[in-house]
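> Heads up, the sequence shown is in full-length UniProt numbering, so the first residue is 1 and it goes up one at a time. All C-beta atoms, glycine included, are put in the ideal place defined by N, C-alpha and C. One structure, as structure tokens, below. Some questions next.
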Amino acid sequence: MNACVTTRRAAAAAARAQCCRRSAHIDNGPRKSRIAPKSKAKAPEPTMPYKPRASQARPRPPPGAKSRSQPPPQADTLLTVWRATWLPLSGAALVAGALGFYIFGTAAATLRSSPCACDADHSDAAPTGRPPALTGDNAEQFDKELNWPEFWMGITSLRRRLAEHARGDVLELAMGSGRNLEYYDWSPITNALEAAKDETKAKKLRRSFKGITSFTGLDISVDMLDVARQKLTKTVPPLKDAAPIVRASSMADHTGGQLAFLDGRLRLVHSDAHHALPAARTFATPSTTTANNKKYDSIIQTFGLCSVSDPVAVLTNLASAVKPGTGRIVLLEHGRGFFGLVNGLLDRNAGKHFEKYGCWWNRDIEALVEEAARKTPGLTIVRVERPKVLQMGTLVWVELKVEEQTPAVAKQ
Numbered sequence: 001m002n003a004c005v006t007t008r009r010a011a012a013a014a015a016r017a018q019c020c021r022r023s024a025h026i027d028n029g030p031r032k033s034r035i036a037p038k039s040k041a042k043a044p045e046p047t048m049p050y051k052p053r054a055s056q057a058r059p060r061p062p063p064g065a066k067s068r069s070q071p072p073p074q075a076d077t078l079l080t081v082w083r084a085t086w087l088p089l090s091g092a093a094l095v096a097g098a099l100g101f102y103i104f105g106t107a108a109a110t111l112r113s114s115p116c117a118c119d120a121d122h123s124d125a126a127p128t129g130r131p132p133a134l135t136g137d138n139a140e141q142f143d144k145e146l147n148w149p150e151f152w153m154g155i156t157s158l159r160r161r162l163a164e165h166a167r168g169d170v171l172e173l174a175m176g177s178g179r180n181l182e183y184y185d186w187s188p189i190t191n192a193l194e195a196a197k198d199e200t201k202a203k204k205l206r207r208s209f210k211g212i213t214s215f216t217g218l219d220i221s222v223d224m225l226d227v228a229r230q231k232l233t234k235t236v237p238p239l240k241d242a243a244p245i246v247r248a249s250s251m252a253d254h255t256g257g258q259l260a261f262l263d264g265r266l267r268l269v270h271s272d273a274h275h276a277l278p279a280a281r282t283f284a285t286p287s288t289t290t291a292n293n294k295k296y297d298s299i300i301q302t303f304g305l306c307s308v309s310d311p312v313a314v315l316t317n318l319a320s321a322v323k324p325g326t327g328r329i330v331l332l333e334h335g336r337g338f339f340g341l342v343n344g345l346l347d348r349n350a351g352k353h354f355e356k357y358g359c360w361w362n363r364d365i366e367a368l369v370e371e372a373a374r375k376t377p378g379l380t381i382v383r384v385e386r387p388k389v390l391q392m393g394t395l396v397w398v399e400l401k402v403e404e405q406t407p408a409v410a411k412q
């Protein structure tokens, strides 16, 4: 045991001694200088002017790279769609609602039937101009019932436009309850009263051709004329204190009587449109009176051709009463429209409308006017319009005139 321990210790001591010799040999070897030798100074490089480098376009990422890097879009919800489109959708809804409400209101206003029986066949009935539903007791109420439908369908604005054409000596045929009276320009009537004693002023007033200098209203219904008389006294200022002159009916003038105001400047005549029309009230001196002085500068008619038995004959009658060349006949009528569906509705409800209002609203007004122009010498169509697009062409605006004829042509 002791021998083994001694041997191990001797071996360990020998190993340590060998390690010490190796380390001493390394320390005694040549050492290299750690300081690097100085390098030779380099010559300065020549300076070059500065030039910016052209920017190089970056390569575009391949298709689909962005989509791979970003999360997929989320599906649109009802809220996001509403936020993006609420303005055009709201506008379209308002327009559609207003149009539907207008069409429904128009249909309800025009197709409303009267309380009388509507099963009878009136296809051969000739209108007389007297509404069957009108009696002496309900004339004012009958007139008031027209206010809302006419405003709704745009007829009120057309009456204002019609009144702008009433100038000089005016004849209104089929005036009814006088629904146009409030829109006329009555100021020349007052001026005419002041200038009645001065012929020079009277001539200037007639030449100015502005407003109404004399007015003659004609209708076949006495009850409607009575409503018109009440409106006339409220509308024209000088009539508040004026007393009417009543003229009895006579066979000579084919009238059932007339009321005259302000020395005959305003007249309401009970007569038929098929008969000879009363001459215009002239204030010229006998030396300057001519045949044209007894004719009218303007002839106005509203919804009259649908209420007479012979529309072509009435148009010919109007042509005989207007001044050739300068005079105008202006009509506002209702009849057949643009579309077959609308005309079918008019035909289907024509009997009901006739029973209440006494007129045929499905007549072809434009065809009747063209026929009258062919048959009446000198009668010329100036204008035919279909105002109010939403009425589908059922409202017709007509302007006519009579051409001046030479004496040779007139004799023929």
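1) Among the residues of its own chain, which have a CB less than 6 Å from the CB of Q301, if the five just before and after it don't count?
2) What span of residues does the beta strand (DSSP E) with R328 cover, start to end?
3) What does the alpha-carbon distance come out to for the pair G327 and L379?
4) Please check if any C-beta of chain B sits within less than 9 Å of the C-beta of A276.
5) My parser needs the beta strand (DSSP E) runs of 3 or more residues fully inside the segment 259 to 318; what are they?
6) Leaving aside the five residues before and after R179 along the sequence, list all residues of the same chain whose C-beta is less than 6 Å from its C-beta, in chain order.
7) Mapping DSSP to helix, strand and coil, what is F215?
8) With DSSP run on the structure shown, which of helix, strand or coil describes K32?
9) In whole angstroms, give me the CA-to-CA distance for G351 and T282.
10) In this structure, how does DSSP classify E370 when only helix, strand and coil are distinguished?
11) Which one or two residues does DSSP pair with T380 in a beta bridge?
12) Helix or strand or just coil, what does DSSP make of L171?
13) Measuring only the C-alpha atoms, how far is N362 from S221?
14) Whose CA, out of E164, R386, L232, V269, lies closest to the CA of G337?
15) Which same chain residues, not among the five before or five after L395, have their C-beta less than 6 Å away from its C-beta?
16) Count the CB pairs spanning the segment 313 to 323 and the segment 342 to 350 that are closer than 8 Å, and state whether there are at least three.
17) Excluding the five sequence neighbours on either side, which residues of its own chain have a C-beta within less than 8 Å of the C-beta of A10, listed in chain order?
18) For the alpha helix (DSSP H) that contains K356, what are its first and last residues?
19) Let me check understanding here. Comparing Cα to Cα, which of I329, H274, R267 lies closest to L232?
Based on what the coordinates show:
1) As a position in the sequence shown, residue 301 is number 301, starting the count at 1. Excluding the 5 residues flanking it on each side, Q301 has same chain C-beta neighbours closer than 6 Å at L173, A174, L331, in chain order.
2) On the sequence shown, position 328 is the one that residue 328 refers to. 328 to 334 is the extent of the beta strand (DSSP E) around R328.
3) Translated into the one-based positions of the sequence shown, residue 327 becomes position 327. Translated into the one-based positions of the sequence shown, residue 379 becomes position 379. Going from the Cα of G327 to the Cα of L379 covers about 11 Å.
4) Going by chain labels, chain B is absent from the structure shown, which holds only one protein chain.
5) Those beta strand (DSSP E) runs which fall completely within the segment 259 to 318 and span 3+ residues are 266 to 271, 298 to 302.
6) In the sequence shown, counting from the first residue as 1, residue 179 sits at position 179. Excluding positions up to five away in sequence, the list is empty.
7) Position 215 of the sequence shown, counting from 1, holds the residue named residue 215. F215: strand per DSSP, three-state reduction.
8) Working through the sequence shown from its first residue, we reach residue 32 at position 32. With a pLDDT of only 49 at K32, under the threshold of 50, the placement of this residue in the model should not be trusted, and no figure is reported.
9) Against the sequence shown, residue 351 aligns to sequence position 351. Against the sequence shown, residue 282 aligns to sequence position 282. Distance between the alpha carbons of G351 and T282 is about 43 Å.
10) Locating residue 370 in the sequence shown gives position 370, counting from the first residue. Note: E370 maps to helix in three-state DSSP.
11) The residue you call residue 380 lines up with position 380 of the sequence shown. BP columns for T380 point to K401.
12) Numbered from 1 along the sequence shown, position 171 holds the residue referred to as residue 171. In this structure, L171 counts as strand in the three-state DSSP scheme.
13) Reading the sequence shown from its first residue, position 362 is the one you call residue 362. Reading the sequence shown from its first residue, position 221 is the one you call residue 221. A straight-line Cα-Cα distance of about 23 Å links N362 and S221.
14) Reading the sequence shown from its first residue, position 337 is the one you call residue 337. It is R386.
15) For the purposes of this step, residue 395 is identified with residue 395 of the sequence shown, where counting begins at 1. Only H334, P387, K388 meet the Cβ criterion.
16) no
17) The count along the sequence shown starts at 1 and reaches residue 10 at position 10. Correct list: empty, nothing qualifies.
18) Locating residue 356 in the sequence shown gives position 356, where the first residue counts as 1. First-last of the alpha helix (DSSP H) with K356: 340 to 357.
19) The residue labelled residue 232 in the question sits at position 232 within the sequence shown. Taking only the C-alpha atoms, the option nearest L232 is R267.
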